[in-house]
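The numbering used here applies: residue 289 is where the sequence shown begins, and numbers increase by one. The beta carbon of each residue, even a glycine, is placed where N, CA and C say it ideally should be. Reviewing the structure listed below.
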Amino acid sequence: MKAYEVALSPLAEGDLNSLYDWIAYSSSPATAKGFILRIRASFESLSLFPERGTRRDHLVPGLRIYGLDRRVTIAFRIDANTVTVLRVLYGGRDLAGLLDDGAP
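Encoded structure:
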């Protein structure tokens, strides 16, 4: 079984930082840290199972998404050897609009 490298786009890193800040403010830093660690752990599963999630080619060619805990949408793309996480979106945010604003 081929293992892919998993990389995060600058937008995805920013999404994680913003999500941490929001959860730390509204709940606690410990809760925020645990939630972000769970999200990051889900990225590692993409290394061995990159074909998971739902294809969304109508938004961005090659785009796939999956949900985590019914609260987070993770948007990613698979290339030859790399899975790139494009965005990490909390709640019911407008995926199409956010991808138009900066997706590669």
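Spatial neighbours of residue i within its chain, please: CB distance less than 8 Å, with the 5 preceding and 5 following residues excluded, ordered by chain position.
i              : result
glycine 355    : Thr361, Ile362
methionine 289 : Leu336
So is residue i buried or exposed if we call it buried at 16+ other beta carbons inside 10 Å?
i           : result
alanine 300 : buried
proline 349 : exposed
serine 316  : exposed
proline 338 : buried
Got a sec? Which residues, its chain only, sit under 7 Å from residue i by beta carbon, not counting five neighbours each side?
i                 : result
phenylalanine 331 : Val294, Val373
isoleucine 311    : Thr319, Ala320, Phe323
asparagine 369    : Tyr292, Glu293
CB residue i to CB residue j, shorter than 9 Å?
i             : j            : result
aspartate 303 : arginine 326 : no
glycine 379   : arginine 359 : yes
Using CA atoms only, rank isn't needed, just tell me which of the options is closest to residue i.
i            : options                        : result
arginine 365 : Tyr308, Arg359, Tyr378, Arg344 : Arg344
serine 297   : Val371, Thr342, Arg352         : Val371
arginine 352 : Val376, Ala329, Arg359         : Val376
Got a sec? Which residues, its chain only, sit under 6 Å from residue i by beta carbon, not counting five neighbours each side?
i            : result
tyrosine 308 : Ala320, Ile324
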